[in-house]
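Have a look at the structure below before the remarks.
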């Protein structure tokens, strides 16, 4: 249900002068890029709030959130947004948006990433549930998340899967990036990219074991290995740890590979990187889960994470690349239409009278 609407005479700043904003409590460029693409489609200003240090001192997470709360309050007062979209988690960014918006009659929407189901954020569902009931819109990334939000009674629950990806956009971003010095390590072996951040839900350990069992391939793992305490020397000889890559270079490396692994340890997650693979024409092997099969069945391979299964799936993906090209193109066209329609519906819902 939507939040109670106050009479305009009781609202503060009843006519906000600023644009819609999309609030992120993370570094700019961090994450999948879903929120930034969504902000662009919605005509919202992306606002990244991150305070990792105070002078020379690294802030522990609780103090970082306090500092980000102060920075966010200053930003909202300055921008006076007409609507607020919030990437969740963390739930504290959503709490601040609701506290700011409620007395002003401003609509708020939460883009609920599947990580809100991680253990540390489950501890705060007692806070997220009542906030979700007050929102104009709650966006879920997949059917399982949507069902949970509806069970909470979350306002305006809608299933909005990952942004559609156009082939021309991906190729344009990758143009001009020369990754030949990186891929030279593969020689004439099969080149496999693992889309990876070394996050808790990334299956990088399983891929390292798979690489040891697949000497005919060379694996490129993205992300900062220091995040997981992985020393480069600990990786198999046929694995290159690329480190964090700027998005254009990441896409160029993906396009230069023969296949990609898009794996997750969280079974109810739909990875955006699969759409990037489709747009670039790179065969993918994804984690075998119900939500992934429901969305991408017939377009790639699905596998368990043991070495034998991964090897077999990668080889099938490469073998069936040409046979799947037409189906992949048709999916991209449908997905672009779906995305445009959903963004138009969300813009209308978040308009001043959209929740009426």
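Numbering (the numbering used here), first residue to last: 3 to 358. We treat Cβ as the ideally placed atom computed from N, Cα and C, and that holds for glycine.
- Query: Touch check for the segment 126-137 and the segment 228-245: three-plus C-beta pairs under 8 Å?
  - Reply: no
- Inter-residue Cα distance where the pair is residue 211 and residue 280: When only Cα atoms are considered, residue 211 and residue 280 end up about 26 Å apart.
- Message: Distance check for residue 23 and residue 86, CA to CA, integer angstroms please.
- Response: 5 Å
- Continuous beta strand (DSSP E) stretch holding residue 303: start and end: Where residue 303 is concerned, the enclosing beta strand (DSSP E) stretches over 303-305.
- Three or more C-beta pairs below 8 Å linking the segment 301-316 and the segment 133-148: No, the segment 301-316 is not in contact with the segment 133-148.
- Item | Three-state secondary structure (DSSP) of residue 355 | Reduced to three states, the DSSP call for residue 355 is coil.
- Query: For the candidate residues 304, 262 and 201, whose alpha-carbon lies nearest to that of residue 291?
  - Reply: The closest CA to that of residue 291, considering only 304, 262 and 201, is found on 304.
- Task: Kindly indicate which three-state DSSP category residue 114 falls into: helix, strand or coil?
- Result: Strand, per DSSP.
- Report the residue ranges of all alpha helix (DSSP H) runs contained in full by the segment 94-171; include only those spanning at least 4 residues, in chain order. Given a length threshold of 4 residues, each whole run of the alpha helix (DSSP H) inside the segment 94-171 is given here in chain order: 121-124, 127-135 and 145-154.
- Message: Between which residues of its own chain and residue 318 is the CB-CB distance below 7 Å, once the five residues before and five after are set aside?
- Response: Within its own chain, the residues whose Cβ lies closer than 7 Å to the Cβ of residue 318, once the five positions on either side in sequence are excluded, are 303, listed in chain order.
- What are the boundary residues of the alpha helix (DSSP H) that includes residue 262? From DSSP, residue 262 is part of no alpha helix (DSSP H) but of the beta strand (DSSP E) over 261-264.
- Three-state secondary structure (DSSP) at residue 245? strand
- The beta strand (DSSP E) with residue 236 in it runs from where to where? Careful: residue 236 lies outside any beta strand (DSSP E) and carries neither H nor E.
- Task: Could you check if residue 155 is buried or exposed, using at least 16 other CB atoms within 10 Å of its CB as the buried criterion?
- Result: exposed
- Task: Identify the continuous beta strand (DSSP E) that holds residue 286 and give its terminal residues.
- Result: 286-289
- CA-CA distance, residue 2 and residue 205? As shown, the chain starts at 3 and ends at 358. That puts residue 2 outside it, with no answer to give.
- residue 298, DSSP secondary structure in three states: Correct three-state label for residue 298: helix.
- Item | Alpha-carbon to alpha-carbon, residue 70 and residue 328 | 47 Å
- Query: Since residue 39 sits in a beta bridge, which residues does DSSP pair it with?
  - Reply: Note: residue 39 sits in no beta bridge, so no partner.
- Using DSSP with H/G/I as helix, E/B as strand and the rest coil, what is residue 72? helix
- Task: Could you round the C-beta distance between residue 52 and residue 28 to whole angstroms and report it? I think they count as a contact, below 8 Å.
- Result: The Cβ separation is near 6 Å, so the contact holds.
- Where does residue 310 land, buried or exposed, given buried means 16+ other C-beta within 10 angstroms? exposed
- Message: By the DSSP assignment, the alpha helix (DSSP H) with residue 315 in it spans what residues?
- Response: 309-321
- Message: Please tell me whether residue 260 and residue 246 are closer than 7 Å, where the distance is taken between their beta carbons.
- Response: no
- Message: Helix, strand or coil, according to DSSP, for residue 212 in the structure here?
- Response: helix
- Message: Within the continuous alpha helix (DSSP H) that includes residue 185, where are the two ends?
- Response: 182-185
- Can you tell me whether residue 113 is buried or exposed, with buried defined as 16 or more other CB within 10 angstroms of its CB? Under this definition residue 113 is a buried residue.
- Task: Put residue 173 into one of helix, strand or coil per three-state DSSP.
- Result: helix
- Query: Can you tell me the Cα-Cα spacing of residue 74 and residue 187, whole angstroms?
  - Reply: Approximately 45 Å, taken between the alpha carbons.
- Measuring CB to CB, does residue 287 end up less than 7 Å from residue 266? No, they are not a contact pair.
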